[in-house]
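One structure is given below, encoded as structure tokens.
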Amino acid sequence: MTTDRHFLFLCASARPNGNSLMLARRAAAALPAEVVQTWRDLNDPALPAFHDRRHGDHYDAPEGVAAALMADTLAASDIVFVAPLYWYGLPAAAKLYLDHWSHWMRVPATGFKAAMPQKRVWLVMAHSGSTPAQIAPAVDCLRFSADYMHAPLAGVLLGDANAPGAVADDLAAIAAADRFFTT
Ligand SMILES: Cc1cc2nc3c(=O)[nH]c(=O)nc-3n(C[C@H](O)[C@H](O)[C@H](O)COP(=O)(O)O)c2cc1C
179 MTTDRHFLFL CASARPNGNS LMLARRAAAA LPAEVVQTWR DLNDPALPAF HDRRHGDHYD
239 APEGVAAALM ADTLAASDIV FVAPLYWYGL PAAAKLYLDH WSHWMRVPAT GFKAAMPQKR
299 VWLVMAHSGS TPAQIAPAVD CLRFSADYMH APLAGVLLGD ANAPGAVADD LAAIAAADRF
359 FTT
């Protein structure tokens with residue numbers, strides 16, 4: 179892995195120190211020391227509500243939390259969604275962040291749309307006993323959204339666990355975490 183990589187971890191669980199975070203930390207520990215890591219909690223501070231201003235209105239440059247997250251995104255080579263499975267989809271905080279892409283990409287001065295094809299997207303997801311078919315809607319949502327921006331979904335790391343910390347018992351997930359970012 180080249181050392182000019184910069185990983186942005188976007189944590190979307192609605193609880194602290196959950197399984198997704200534990201798994202992501204495990205995977206991140208295997209990154210070379212020179213690789214920059216930035217960790218953000220999408221729930222704190224939370225993004226504001228997204229407003230669709232595509233037709234008959236216009237978008238100003240993002241401000242506040244949105245501007246900071248966009249800057250984090252632009253600075254990153256790799257965007258890692260650390261997101262548990264909620265109702266067969268992405269948690270609301272992760273989905274809201276994706277909705278804000280629709281804003282950022284429409285402000286040419288941000289350079290967002292031009293920059294995204296140079297980035298890779300990853301998903302680290304805890305779930306509780308779901309089948310591949312039940313997990314697919316969440317993965318596909320992220321895959322298709324990333325594809326739309328021409329940023330490939332580079333990998334998906336799943337952990338089967340419910341109570342916080344229980345992912346440590348999913349030995350296959352822990353082993354997969356240790357080699358996740360080397361792919
Ligand atoms: C609102 C909510 C919805 C959930 N929906 C699902 C689901 O659809 N499928 C599933 O397998 N687990 C579901 N779970 C269980 C979580 O995915 C599981 O507890 C996971 O370990 C939480 O990850 P975290 O510790 O990173 O927050 C749900 C949990 C919550 C709180």
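Going by the numbering used here, the first residue of the sequence shown is number 179, and it counts up by one from there. The C-beta atom is built at its ideal place from N, Cα and C for all residues, glycine as well. Note that the coordinates shown come from a computational prediction; the quantities given were computed from them, not determined experimentally.
Query: When the Cα of A261 is compared with those of P269, D235 and S255, which residue comes out closest?; Result: P269
Query: Would you say D250 and L186 are within 7 Å of each other, going by their C-beta atoms?; Result: yes
Query: For T360, does the count of other Cβ atoms within 10 angstroms reach 16, so buried, or fall short, so exposed?; Result: exposed
Query: According to DSSP, M294 sits in a beta bridge with which residue or residues?; Result: According to DSSP, M294 bridges with nothing at all.
Query: Quick one: what's got a C-beta closer than 6 Å to M283's C-beta in the same chain, skipping five residues either side?; Result: F290 and K291
Query: Are the beta-carbon atoms of V299 and L263 separated by less than 7 Å?; Result: no
Query: For ligand 3, any of its heavy atoms closer than 6 Å to the Cβ of R193?; Result: As presented, the structure is devoid of ligand 3, carrying ligand 1 as its sole ligands.
Query: Quick one: grab the DSSP three-state call for V213.; Result: coil
Query: Return the CA-CA distance between H328 and M294, expressed in angstroms with no decimal places.; Result: 7 Å
Query: How would you label W265, buried or exposed, when you count the other beta carbons within 10 angstroms and need 16 or more for buried?; Result: exposed
Query: Closer than 6 Å: is that where the CB of W217 sits relative to any heavy atom of ligand 1?; Result: no
Query: From the DSSP secondary-structure annotation, give me the bridge partner or partners of R218.; Result: L188
Query: Would you call the segment 225-238 and the segment 193-208 touching, i.e. three or more CB-CB distances under 8 Å?; Result: no
Query: Quick one: is H281 buried, meaning 16 or more other Cβ sit within 10 Å of its Cβ, or exposed?; Result: buried
Query: Are there any heavy atoms of ligand 1 lying less than 6 Å away from the beta-carbon of W265, as far as the coordinates show?; Result: yes
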